[in-house]
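Q: Mind having a look at this structure? Questions to follow.
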Amino acid sequence: LIVIKPKFYNLQKRIEPNNERYDKLIDNWGQKLIKLQNIKTKLKTLEEEEAKNKSRENNKMNPLYYLQIDAEIEKTEKMMKAFEKAKSTQEFLQHKLSSAINSTEQESTSKPNPSKEIDNEKLLKNSSDIISAIMN
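Numbering-wise (full-length UniProt numbering), the sequence shown opens with residue 1 and increments by one.
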């Protein structure tokens with residue numbers, strides 16, 4: 001009888017799972033594999049950043065890029081104007097409200113027995129003035 005041994009029979013005998021050398025080899029290759037994966041991810045992110053930079057450079061060469069910038073500038077200028085208008089409207093409304101409160105306080109102190117109904121009507125009139133100013 002001739003016994004045929006598998007090709008890696010001796011290799012399997014030499015390297016056993018409990019062998020320290022075997023464990024060190026596995027750890028070493030595992031660390032190398034992790035380093036390789038890290039390098040691959042860094043390379044991929046660098047390639048993506050480079051592609052973004054190239055697209056930005058291409059956009060800068062494109063005349064539409066400058067039109068987009070001009071449109072953004074106009075948009076921000078319009079927003080600033082609207083903000084200034086809203087701020088002036090707010091100041092106007094605060095002035096109007098404080099004058100309405102002051103006028104009702106002066107009228108209530110000038111009369112000895114003011115009726116609450118009249119004061120309420122004047123407050124409603126002043127508040128309607130303020131609301132109409134807001135609507136305009």
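No residue lacks a Cβ here, since even glycine has one placed at the ideal position from N, Cα and C.
(1) What residue from A82, L46, E91 and G30 has the CA that sits closest to I130's CA?
(2) Taking only runs of the alpha helix (DSSP H) that begin and end inside the segment 45-98, which ones reach a length of at least 4 residues, in chain order?
(3) Return the CA-CA distance between K78 and T109, expressed in angstroms with no decimal places.
(4) Assuming E107 contacts K122 under a Cβ cut-off of 8 Å, what Cβ separation, rounded to an integer in Å, is found between them?
A: Quick look at the numbers:
(1) E91
(2) none
(3) 46 Å
(4) 7 Å
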